[in-house]
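**Student:** Once you've had a glance at the structure underneath, I'll fire off some questions.
Numbering (the numbering used here), first residue to last: 20 to 176.
Right under this line is the structure:
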């Protein structure tokens with residue numbers, strides 16, 4: 020299934036040759052699966068609490084299919100951040116809890132995980148999610164790029 024945010028992130032992985040990334044908020048696993056399927060050099064970490072058991076089962080199956088380069092942490096994003104080394108990722112894509120406080124926390128905790136020259140971004144940067152917009156704008160100001168109108172925000176480090 021195609022979507023503008025999945026298409027955009029997949030194109031970024033290809034264009035920049037990224038090999039290590041994290042997706043915070045895996046949900047149904049559509050982006051997680053797409054990135055693993057389309058980018059055989061990519062090792063990807065997915066983090067989600069999976070409140071819907073069927074989605075957890077689906078994502079565990081995806082991780083098992085790509086076991087040599089897929090990791091799935093079933094926990095909160097703030098807990099998972101302590102398990103990832105600083106400067107170890109090419110990118111982090113934030114699409115978990117969309118509340119202002121959660122997005123501020125995710126940015127603060129995951130920003131150090133991205134190496135110099137890498138990218139941090141996320142989904143749902145639009146008026147439907149004012150907490151996302153406020154958190155991103157306060158954390159990055161004029162450095163924020165909008166990559167899909169109403170969809171992806173990103174910052175180069």
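Cβ coordinates follow ideal geometry from the N, Cα and C atoms, glycine included. Predicted, not measured: the structure shown is a model, and the values here were computed from it.
Taking only the alpha-carbon atoms, compute the straight-line gap between residue 156 and residue 68 and give it to the nearest angstrom.
**Tutor:** Counting from 1 along the chain shown, the entry for residue 156 is found at position 137. Counting from 1 along the chain shown, the entry for residue 68 is found at position 49. Spanning the alpha carbons of residue 156 and residue 68 requires a straight line of approximately 26 angstroms.
**Student:** Going by DSSP, what residue range makes up the alpha helix (DSSP H) through residue 54?
**Tutor:** As a first step, residue 54 must be located in the chain shown, where it is residue number 35. It spans 49-57 - the alpha helix (DSSP H) in which residue 54 sits, taken as one unbroken run.
**Student:** Return the Cβ separation of residue 49 and residue 125 in integer angstroms, given the expectation that the two are a contact with Cβ distance under 8 angstroms.
**Tutor:** Here residue 49 refers to the residue found at position 30 of the chain shown. Here residue 125 refers to the residue found at position 106 of the chain shown. Incorrect: roughly 20 angstroms between the Cβ atoms, too far for contact.
**Student:** Have a look at residue 145 and residue 31 and give me their C-alpha separation to the nearest angstrom.
**Tutor:** Counting from one through the chain shown, the residue named residue 145 turns up at place 126. Counting from one through the chain shown, the residue named residue 31 turns up at place 12. About 21 angstroms.
**Student:** With the cut-off set at 8 angstroms, would you say residue 46 and residue 74 are in Cβ contact?
**Tutor:** Within the chain shown, residue 46 is the residue found at index 27, counting from 1. Within the chain shown, residue 74 is the residue found at index 55, counting from 1. Against a cut-off of 8 angstroms, the Cβ pair of residue 74 and residue 46 comes out as a contact.
**Student:** Report the three-state DSSP secondary structure of residue 109 (helix, strand or coil).
**Tutor:** Counted from its first residue, the chain shown places residue 109 at position 90. The answer is strand: DSSP assigns residue 109 an E or B state.
**Student:** Going straight from the alpha carbon of residue 54 to that of residue 29, what length do you get?
**Tutor:** Taking the first residue of the chain shown as position 1, residue 54 is located at position 35. Taking the first residue of the chain shown as position 1, residue 29 is located at position 10. If I take the Cα positions, the gap works out to 6 angstroms.
**Student:** Would you call the segment 93-113 and the segment 131-144 in contact, with 3 or more CB pairs under 8 angstroms?
**Tutor:** yes
**Student:** At which residues does the beta strand (DSSP E) containing residue 62 begin and terminate?
**Tutor:** Here residue 62 corresponds to residue number 43 of the chain shown, with the count starting at 1. Its beta strand (DSSP E) spans residues 62-67.
**Student:** Rounded to whole angstroms, what's the CA-CA distance from residue 128 to residue 24? Just pull it up for me.
**Tutor:** Here residue 128 is taken as the residue at index 109 of the chain shown, counted from 1. Here residue 24 is taken as the residue at index 5 of the chain shown, counted from 1. About 23 angstroms.
**Student:** With the cut-off set at 8 angstroms, would you say residue 99 and residue 122 are in Cβ contact?
**Tutor:** By one-based count along the chain shown, residue 99 stands at place 80. By one-based count along the chain shown, residue 122 stands at place 103. It is not a contact, given that the beta carbons lie outside the stated cut-off.
**Student:** Does the distance from the C-beta atom of residue 132 to that of residue 103 stay below 8 angstroms?
**Tutor:** Within the chain shown, numbered from 1, the residue matching residue 132 stands at position 113. Within the chain shown, numbered from 1, the residue matching residue 103 stands at position 84. Result yes, Cβ atoms of residue 132 and residue 103 sit closer than 8 angstroms.
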